[in-house]
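Worksheet: one structure, shown below.
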Amino acid sequence: GWAYDIGYGGLDHVLATGQDVNILVMDTEVYSNTGGQQSKATTIAAAAKFATAGKSQPKKDLGLMAIAYGNVYVASIALGARDAQTVKAFQEAESYNGVSLIIAYSPCIEHGYDLADSLDHQKLAVDSGYWQLYRYDPRLLEAGGRPLQMDSKAPTVPLADYLDSENRFRVVKRRDPEHYSQLVKAAEANLERRRIVYQKLSEISIPAEEAREAAE
């Protein structure tokens, strides 16, 4: 919650320095340490303190905002979905001479499920399109390659399968099924839009010579 919300100004300041700093954001999608309040990390349809009827606005796209700098290494990971991708992201971030930001899907008791099953939930989150896996490496841009690598595919299971597995969504459904249905549709549309944006970005490359000239 801090990284997306009240502390974002500090995080953004570090991203803008260009210094060799590695940042890990443990994304629980709420203010976990202070009781589970909603923040800009909270997703559509999720219940949280101050959003008991389900959050109606999209989650802030912290990764895309960091990618916009162009010289920040950015990765989105979920250990339970693809452990090899997680390890690769950490290795690349460590070797990158500049700011690195890794956003990690992180289980939280506020999600409302047995945390012993957290790895399965991470996999379901990725398979349903709820959580994307990707790596943005500025070094590939400088080399004339495609800097954004998508490590997750289009959804293979319904988003509802993931949402129904966690109480933070089920509680909204029990309270007002009709309203919940509208929130789920909004969530599906938002996630699809984000997936398309990232897919298009992953197709972009700049010839190495032009990339070097732009950097200079």
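Okay, so the sequence shown: first residue is 948 according to the working numbering, each after it adds one.
Quick reminder that beta carbons are idealized off the backbone N, C-alpha and C, glycines included.
Practice item. Return the bridge partner residues of Gln-984 from the DSSP annotation. Key: By 1-based counting over the sequence shown, the position of residue 984 is 37. For Gln-984, which the question treats as bridged, DSSP gives the partners Tyr-978 and Lys-996.
Exercise for review: Please determine if the stretch 1097-1111 and the stretch 957-977 are in contact, where contact requires at least 3 C-beta pairs separated by less than 8 angstroms.
Suggested key: Under the three-pair Cβ rule at 8 angstroms, the stretch 1097-1111 does not count as touching the stretch 957-977.
Check your understanding: Cβ of Leu-1080 within 9 angstroms of Cβ of Arg-1029?
Key -> As a first step, residue 1080 must be located in the sequence shown, where it is residue number 133. As a first step, residue 1029 must be located in the sequence shown, where it is residue number 82. Contact: yes.
Point to revise | Under the three-state DSSP convention, the category Val-968 falls into | key: Residue numbering aside, residue 968 sits at position 21 when the sequence shown is read from its first letter. Three-state result, Val-968: coil.
Check your understanding: Does the separation of the CB atoms of Val-1118 and Ala-988 fall below 9 angstroms?
Key -> For the purposes of this step, residue 1118 is taken as residue 171 along the sequence shown, with counting starting at 1. For the purposes of this step, residue 988 is taken as residue 41 along the sequence shown, with counting starting at 1. It is not a contact, given that the beta carbons lie outside the stated cut-off.
Exercise for review: Verify whether the separation of the beta carbon atoms of Leu-1071 and Ala-1051 is less than 9 angstroms.
Suggested key: In the sequence shown, the residue the question calls residue 1071 occupies position 124. In the sequence shown, the residue the question calls residue 1051 occupies position 104. The answer is no: Cβ separation not under 9 angstroms.
Practice item. Please list, in chain order, all residues of the same chain as Ala-1107 whose beta carbon is under 7 angstroms from its beta carbon, the five residues on each side excluded. Key: Here residue 1107 refers to the residue found at position 160 of the sequence shown. So the qualifying residues of the chain are Val-1131.
Practice item. Given a cut-off of 9 angstroms, decide if Asp-1067 and Glu-1039 are closer than it, judged by their beta-carbon atoms. Key: What you label residue 1039 is simply residue 92 of the sequence shown in a count that begins at 1. What you label residue 1067 is simply residue 120 of the sequence shown in a count that begins at 1. Against a cut-off of 9 angstroms, the Cβ pair of Asp-1067 and Glu-1039 comes out as no contact.
Check your understanding: Less than 9 angstroms separating the beta-carbons of Asp-952 and Tyr-1043?
Key -> Your numbering for residue 952 matches position 5 in the sequence shown. Your numbering for residue 1043 matches position 96 in the sequence shown. Asp-952 places its beta carbon 9 angstroms or farther from that of Tyr-1043.
Exercise for review: Leaving out five residues on either side along the sequence, give the residues of the same chain with a beta carbon under 7 angstroms from the beta carbon of Ala-1036.
Suggested key: Residue numbering aside, residue 1036 sits at position 89 when the sequence shown is read from its first letter. Excluding residues within five positions, the ones whose Cβ falls inside 7 angstroms are Ala-1022, Ile-1024, Ile-1049 and Arg-1082.
Point to revise | Residue environment, Asp-1061, which counts as buried when at least 16 other CB atoms sit within 10 Å | key: Translated into the one-based positions of the sequence shown, residue 1061 becomes position 114. Exposed: under 16 other Cβ atoms inside 10 Å.
Check your understanding: Exposed or buried, what is Asp-1098 when buried is set at 16 or more other beta-carbons lying within 10 Å of its beta-carbon?
Key -> Taking the first residue of the sequence shown as position 1, residue 1098 is located at position 151. Under this definition Asp-1098 is a buried residue.
Check your understanding: So, helix, strand or coil for Leu-1026, using DSSP?
Key -> Start at 1 with the first residue of the sequence shown, and residue 1026 comes out as number 79. Of the three classes helix, strand and coil, the one that applies to Leu-1026 here is coil, per DSSP.
Review point. Around the Cβ of Gly-1010, are there at least 16 other Cβ atoms within 10 angstroms (buried) or fewer (exposed)?
Key: In the sequence shown, counting from the first residue as 1, residue 1010 sits at position 63. Buried, since its Cβ has 16 or more Cβ neighbours within 10 Å.
Exercise for review: Compute the distance between the beta-carbons of His-1058 and Asn-1018, then report whether it is under 9 angstroms.
Suggested key: Position 111 of the sequence shown, counting from 1, holds the residue named residue 1058. Position 71 of the sequence shown, counting from 1, holds the residue named residue 1018. Contact: no.
Check your understanding: The alpha helix (DSSP H) with Ser-1065 in it runs from where to where?
Key -> Taking the first residue of the sequence shown as position 1, residue 1065 is located at position 118. Looking at the DSSP string, the run of the alpha helix (DSSP H) that includes Ser-1065 is 1065-1074.
Check your understanding: If we ignore side chains and look at the alpha-carbon of each, how far apart do Ala-992 and Trp-949 end up?
Key -> Here residue 992 refers to the residue found at position 45 when the sequence shown is read from its first residue. Here residue 949 refers to the residue found at position 2 when the sequence shown is read from its first residue. Distance from the CA of Ala-992 to the CA of Trp-949, rounded to the nearest whole angstrom, comes to 20 angstroms.
Exercise for review: Within 10 angstroms of the Cβ of Ile-1151, are there 16 or more other Cβ atoms? Answer buried if so, exposed if not.
Suggested key: Start at 1 with the first residue of the sequence shown, and residue 1151 comes out as number 204. Burial call: exposed.
Review point. Within this structure, are the beta carbons of Lys-996 and Gln-1004 separated by less than 9 angstroms?
Key: The residue labelled residue 996 in the question sits at position 49 within the sequence shown. The residue labelled residue 1004 in the question sits at position 57 within the sequence shown. No, they are not a contact pair.
Practice item. Determine the contact status of Arg-1093 and Ser-1149, defining contact as a CB-CB distance below 9 angstroms. Key: Indexing the sequence shown from 1 puts residue 1093 at position 146. Indexing the sequence shown from 1 puts residue 1149 at position 202. Yes.
Exercise for review: Check each candidate in Asn-969, Lys-1002 and Ile-970 and name the one with the smallest Cα separation from Ser-1128.
Suggested key: Position 181 of the sequence shown, counted from the first residue, corresponds to residue 1128. Checking every option, the nearest Cα to that of Ser-1128 belongs to Lys-1002.
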